[in-house]
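Residue numbers (my numbering): 1330 to 1813.
C-beta: ideal position from N, C-alpha, C; glycine also.
None of these values were measured; they are calculated from a predicted model.
Listed below in C-alpha cells is the structure:
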C-alpha cells in the first residue's frame, strides 16, 4: 500500500513514511494511492466482530505486513485499547425516538481522540524502537487532541511532546488534563489566541524542511493519515450496529451524523463510503460553519473570526481534512486540489468549481447548529432518556431531532458522540442540567499544573523553535553522558 500527496508534487511513501510525515513535502496530505474495495462477504464477516477487531481488519488493509506483521499489529491494537473503561471500547446507546448514540469517549481522556491516538502512539513506538530513533511531536489543540496525544505518549523515552493550547478557550477540565501531566517528555504552551492562530507557528516551523529533519519533528493533528485510518472504524461500527440486516441486495443504508470541526471523521466517512460501506453522511457543525457553507454554496472561505461556542473543540475555521475530501471527489485529481488549496492559502477564500461543489452537495447533507439549539437538544435528550449529551454530541443529535419532528422517512440513523458530558460541566449547566463528574476528573483540580505562556506580542514561532532546539541539546547531552 502506497500513499500519495493530495497535491501530487511529492514522492509516494509507505505507511511508515505517511505516519512520520504529517504534511507531505508539497504541503498536501497523504492519501492511499488506491482504496481497497470491500465486497458483501467481507462486510458480512466484519459485521459480527468487536470494535478492536474491526480496527485490526481495517489497519491490515492499509499497513503492509512487511512493515508490521499481522500478529504484531494485533498486539499493538490490543495494547492501545487496554486502558479503555468500557469492555466494548466503543458502545452504542439506543435511546427513544430512534436515537442511536455511538459513544466514542470511553478512553482515558473521555474523548474520541483517545481511540485513534492510542493506536497511532503504538505504531510510532513500534517503528522508533525498531529504528532506534527519537522524535519530537508538536500538536496544536482546540481542546481534546492535546490531552489524548499527551496521554498516548507520556513517559515514553523516545518521544517528546509539545502541545499548544488556546488559553481560556477550552474548558477548565480540558486544560487541566494537559497541564497536570508533569512528565519529563511533556511540554505545554498556553497561547493567548484561538486554535487557528496557534496553528500558525506550528505551520511556520514545519515549513522549514531542514529544521524538521534536523530535530525529527512530526505532528499528531488530524492531518496525520494514521488518525483518519483508525477513525474509519467508527463508521463501519456504526453501520454494523444500526443496519437492520445485511441479507438484502444491495445492503440497506445507514445515515451517520458526524459532528465536525477539522473534518477528520468526515474524511474517514468519505473513504469508508468509497470502499463500499453503504452509509449516507450528514455533517453537523456549530456556529463556525465553513464546512456547512462549502457544502451548501461551494463557499470555502474564512469568516472574520472564530466565534467561541459551547461546542468549543469545534471552534475551528480551517478544516484541513476538507482537502482530502476535495481530492477524493475530484477523482484523485491532484492538479485541481493543489490549485484550490494554494488559492485558499493565499486568499483565505475559494469558490469550489461547479462540478466539485455539485459532487460534494450530493455526497453529504450539512447543518449548522446554534448554542441555543445545543442546549435545547441536551435538555430534550435528558428529559426523554435521562441521558447527558456533551455539547458536540448535541450538535449531531440536534439534526436527528429535527428530522424526527418533521416526520421525515429516513434510513436508520447513528449520531457519533465524540466526548463525554463529564468534560463540559459549563455546557451542562447552561442547558439547565446537573453535571455528573467522575472522581478522576474532580481530582485534576488538586494537582500541580505546569504551562508556559505564549502572550500576544511574543514571537511564538521563535519560542517554539527555541524549545525544540533545547530538547535536542538536552538529548545530545544525555546521549554523550551515557556510558558506552
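Excluding sequence positions up to five away, which residues of its chain have a Cβ less than 6 Å from the Cβ of residue i?
i: residue 1813; result: Because the pLDDT of residue 1813 is 48, which lies under 50, any placement of that residue in the model is unreliable, and the number read from its coordinates should be weighed accordingly. Excluding sequence neighbours, residue 1813 sits near nothing in its chain.
i: residue 1456; result: 1345
i: residue 1700; result: 1638 and 1639
i: residue 1682; result: none
i: residue 1641; result: 1472 and 1499
i: residue 1362; result: 1331 and 1333
i: residue 1554; result: 1347 and 1359
i: residue 1621; result: 1614, 1695 and 1697
i: residue 1768; result: none
i: residue 1631; result: 1646 and 1677
i: residue 1595; result: 1587, 1589 and 1612
i: residue 1493; result: 1469, 1518, 1520 and 1527
i: residue 1773; result: 1505 and 1509
i: residue 1733; result: 1426
i: residue 1673; result: 1679
Mind checking who residue i pairs with in its DSSP beta bridge?
i: residue 1423; result: 1429
i: residue 1742; result: 1584
i: residue 1628; result: 1680
i: residue 1781; result: 1518
i: residue 1527; result: DSSP output for residue 1527 lists no bridge partner at all.
i: residue 1469; result: 1493
i: residue 1360; result: 1333
i: residue 1696; result: 1613
i: residue 1352; result: 1358
i: residue 1464; result: 1488
i: residue 1748; result: 1440
i: residue 1342; result: 1332
Can you tell which of the options has its C-alpha closest to the C-alpha of residue i?
i: residue 1558; options: 1585, 1583, 1597 and 1529; result: 1597
i: residue 1759; options: 1710, 1705, 1368 and 1749; result: 1705
i: residue 1650; options: 1722, 1439 and 1551; result: 1551
i: residue 1798; options: 1540, 1647 and 1688; result: 1540
i: residue 1717; options: 1735, 1755, 1684 and 1691; result: 1755
i: residue 1453; options: 1675, 1548 and 1648; result: 1548
i: residue 1687; options: 1672, 1627, 1605 and 1622; result: 1627
i: residue 1713; options: 1682, 1335 and 1427; result: 1427
i: residue 1711; options: 1403, 1425, 1349 and 1381; result: 1425
i: residue 1338; options: 1662, 1734, 1674 and 1673; result: 1662
i: residue 1464; options: 1787, 1350 and 1505; result: 1350
i: residue 1336; options: 1652, 1685, 1383 and 1365; result: 1652
i: residue 1383; options: 1684, 1413 and 1561; result: 1561
i: residue 1789; options: 1531, 1655, 1571 and 1674; result: 1531
i: residue 1451; options: 1533, 1388, 1373 and 1577; result: 1388
i: residue 1436; options: 1448, 1414 and 1421; result: 1414
i: residue 1805; options: 1467, 1442 and 1462; result: 1462
i: residue 1606; options: 1354, 1372 and 1342; result: 1372
i: residue 1381; options: 1633, 1757, 1402 and 1747; result: 1402
i: residue 1753; options: 1796, 1735, 1502 and 1633; result: 1502
i: residue 1579; options: 1546, 1513 and 1368; result: 1368
i: residue 1466; options: 1593, 1514 and 1444; result: 1514
Cutting at 8 Å between CB atoms, please list the residues of its own chain near residue i, excluding the five before and the five after it.
i: residue 1608; result: 1564, 1567, 1568, 1582, 1583, 1584, 1585, 1598, 1601 and 1602
i: residue 1835; result: Summary: the structure shown does not reach residue 1835, with the chain confined to residues 1330 through 1813, and so no result is reported for it.
i: residue 1635; result: 1523, 1524, 1525, 1617, 1644, 1645 and 1646
i: residue 1691; result: none
i: residue 1370; result: none
i: residue 1446; result: 1474, 1477, 1478, 1480, 1481, 1549 and 1556
i: residue 1737; result: none
i: residue 1625; result: 1690 and 1695
Between residue i and the rest of its own chain, which residues show a CB-CB distance below 7 Å, the 5 nearest in sequence each way excluded?
i: residue 1521; result: 1496, 1783, 1784 and 1785
i: residue 1749; result: 1434, 1439 and 1719
i: residue 1709; result: 1730
i: residue 1423; result: 1429
i: residue 1573; result: 1581 and 1741
i: residue 1658; result: 1685, 1688, 1689 and 1692
i: residue 1801; result: 1544
i: residue 1655; result: 1666, 1669 and 1685
i: residue 1803; result: none
Under 8 Å: do the region 1663-1675 and the region 1610-1627 share three or more Cβ pairs, one atom per stretch? Segment contact: the region 1663-1675 against the region 1610-1627, fewer than three CB-CB distances shorter than 8 Å; contact not assigned.
Secondary structure, alpha helix (DSSP H): runs of 4+ residues fully inside the region 1547-1622: Entirely contained in the region 1547-1622, the alpha helix (DSSP H) runs reaching 4 residues are, in chain order, 1554-1571 and 1593-1603.
Three or more C-beta pairs below 8 Å linking the region 1393-1400 and the region 1700-1718: Taking a cut-off of 8 Å on C-beta distances, the region 1393-1400 does not touch the region 1700-1718, as fewer than three cross pairs fall below it.
Given 8 Å, three or more beta-carbon pairs between the region 1764-1776 and the region 1736-1743: With a cut-off of 8 Å, the region 1736-1743 and the region 1764-1776 do not count as touching, because too few Cβ pairs lie within range.
With a threshold of 8 Å, are at least 3 pairs of Cβ atoms found where one atom belongs to the region 1771-1780 and the other to the region 1500-1517? With the cut-off at 8 Å, the region 1771-1780 and the region 1500-1517 touch.
Would you check if the region 1724-1733 and the region 1404-1411 touch, i.e. whether three or more CB-CB distances between them fall below 8 Å? Taking 8 Å as the limit for Cβ pairs, the verdict is that the region 1724-1733 does not touch the region 1404-1411.
Quick one: complete alpha helix (DSSP H) runs, 4+ long, within the region 1713-1742? Counting only runs that start and end inside the region 1713-1742, the alpha helix (DSSP H) elements of at least 4 residues fall at 1720-1734.
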